[in-house]
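Protein chains in written order, with the numbering used here: chain X, 1 to 112; chain D, 1001 to 1119.
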């Protein structure tokens, strides 16, 4: 099945640093979602975006829905050790209760 | 709110046997549930979409006779892996959503996953 391209694939950062990751697609989406997954668990929803150009924050997390509707980015400010995990973007374009297409994931590791 | 549970959390079975995995929405009624499969260090791949009271819709390449899905109530969906083989070993995750759960119903809430190992 289709997957969205995420970059970087993985990153090591120091505690306190800001993190930026993005997600691109060849198709247009009308909803972008960002999830975090920790080992052996299901993904947890972080931020949902519904309009092109929309910028939304959730604590230290900020995400934007690209103007072209084919991309999105997620920023994490002042990273802390508990930010470790895999971050997935997901796109949806068919309306209510619709299918999600997931990104390839960005693995984040934080060093003290 | 929006809690989804799965049972069992892990299971080991012998090749050729069948395994049933349950997905429950604990504090809301899920009109739609989704089943995903995730191999190690890979992303989630959608297997099927399940609407309460109707037949599941399977993604291309997913054998519907091998992965039986039943969504008999608004709070329970089951995935049965029939005649399991070692290549079916994976992390199976369900998600649930419903109209009115959030501002928009595009948001899916995920269960904790079930790790299946077929020996």
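Note that the Cβ used here is the ideal one computed from N, Cα and C, for glycine as well. Keep in mind it's a predicted model, so treat the numbers as computed, not measured.
Measuring only the C-alpha atoms, how far is residue i from residue j?
| i | j | result |
| --- | --- | --- |
| residue 1055 of chain D | residue 1011 of chain D | 26 angstroms |
| residue 1143 of chain D | residue 4 of chain X | Outside the displayed span of chain D (1001 to 1119) sits residue 1143 of chain D, for which this structure offers no information. |
| residue 1114 of chain D | residue 1063 of chain D | 19 angstroms |
| residue 1028 of chain D | residue 1074 of chain D | 8 angstroms |
| residue 1110 of chain D | residue 74 of chain X | 20 angstroms |
| residue 960 of chain D | residue 1032 of chain D | There is simply no residue 960 of chain D to check, as chain D begins at 1001 and stops at 1119 in what is shown. |
| residue 1013 of chain D | residue 1084 of chain D | 8 angstroms |
| residue 108 of chain X | residue 62 of chain X | 16 angstroms |
| residue 1118 of chain D | residue 1021 of chain D | 14 angstroms |
| residue 1087 of chain D | residue 1043 of chain D | 17 angstroms |
| residue 35 of chain X | residue 45 of chain X | 4 angstroms |
| residue 1053 of chain D | residue 1026 of chain D | 18 angstroms |
| residue 110 of chain X | residue 1049 of chain D | 36 angstroms |
| residue 43 of chain X | residue 1072 of chain D | 25 angstroms |
Excluding the 5 residues flanking residue i on each side, which residues of the same chain have their C-beta closer than 8 angstroms to its C-beta?
| i | result |
| --- | --- |
| residue 70 of chain X | 24, 25, 26, 27, 28 and 29 |
| residue 1082 of chain D | 1018, 1065, 1066, 1067 and 1068 |
| residue 1103 of chain D | Summary for residue 1103 of chain D: the model assigns pLDDT 46, below 50, so the residue's position carries little reliability; its value from the coordinates is reported in the next sentence. Nothing meets the Cβ criterion. |
| residue 112 of chain X | 14, 15 and 81 |
Taking DSSP as the reference, what is the three-state secondary structure of residue i?
| i | result |
| --- | --- |
| residue 1087 of chain D | helix |
| residue 1077 of chain D | strand |
| residue 10 of chain X | strand |
| residue 26 of chain X | coil |
| residue 82 of chain X | helix |
| residue 77 of chain X | coil |
| residue 57 of chain X | strand |
| residue 1095 of chain D | strand |
| residue 67 of chain X | coil |
| residue 1125 of chain D | Because chain D here runs from 1001 to 1119, residue 1125 of chain D falls outside it and cannot be looked at. |
| residue 1002 of chain D | coil |
| residue 98 of chain X | coil |
| residue 1067 of chain D | strand |
Quick one: give me the first and last residue of the beta strand (DSSP E) that residue i is part of.
| i | result |
| --- | --- |
| residue 90 of chain X | 85–92 |
| residue 1020 of chain D | 1019–1025 |
| residue 1037 of chain D | 1032–1038 |
| residue 37 of chain X | 31–37 |
| residue 1012 of chain D | 1010–1013 |
| residue 108 of chain X | 106–111 |
| residue 1048 of chain D | 1045–1051 |
| residue 49 of chain X | 44–49 |
| residue 1116 of chain D | 1114–1118 |
What does a CB cutoff of less than 7 angstroms around residue i pick up in its chain, not counting 5 residues either side in sequence?
| i | result |
| --- | --- |
| residue 65 of chain X | 32, 49, 51, 52, 53, 54 and 72 |
| residue 1046 of chain D | 1034, 1036 and 1059 |
| residue 77 of chain X | 18 and 60 |
| residue 8 of chain X | 21 and 106 |
Looking only at its own chain, which residues have a Cβ that is under 6 angstroms from the Cβ of residue i, when we skip the five neighbours before and after it?
| i | result |
| --- | --- |
| residue 102 of chain X | 88 and 90 |
| residue 1112 of chain D | 1006 |
| residue 1076 of chain D | 1024 |
Touching by the beta-carbon criterion (3+ pairs, under 8 angstroms), the stretch 1004–1018 of chain D and the stretch 45–54 of chain X: no
Stretch pair the stretch 8–23 of chain X + the stretch 76–94 of chain X: three plus CB contacts closer than 8 angstroms: yes
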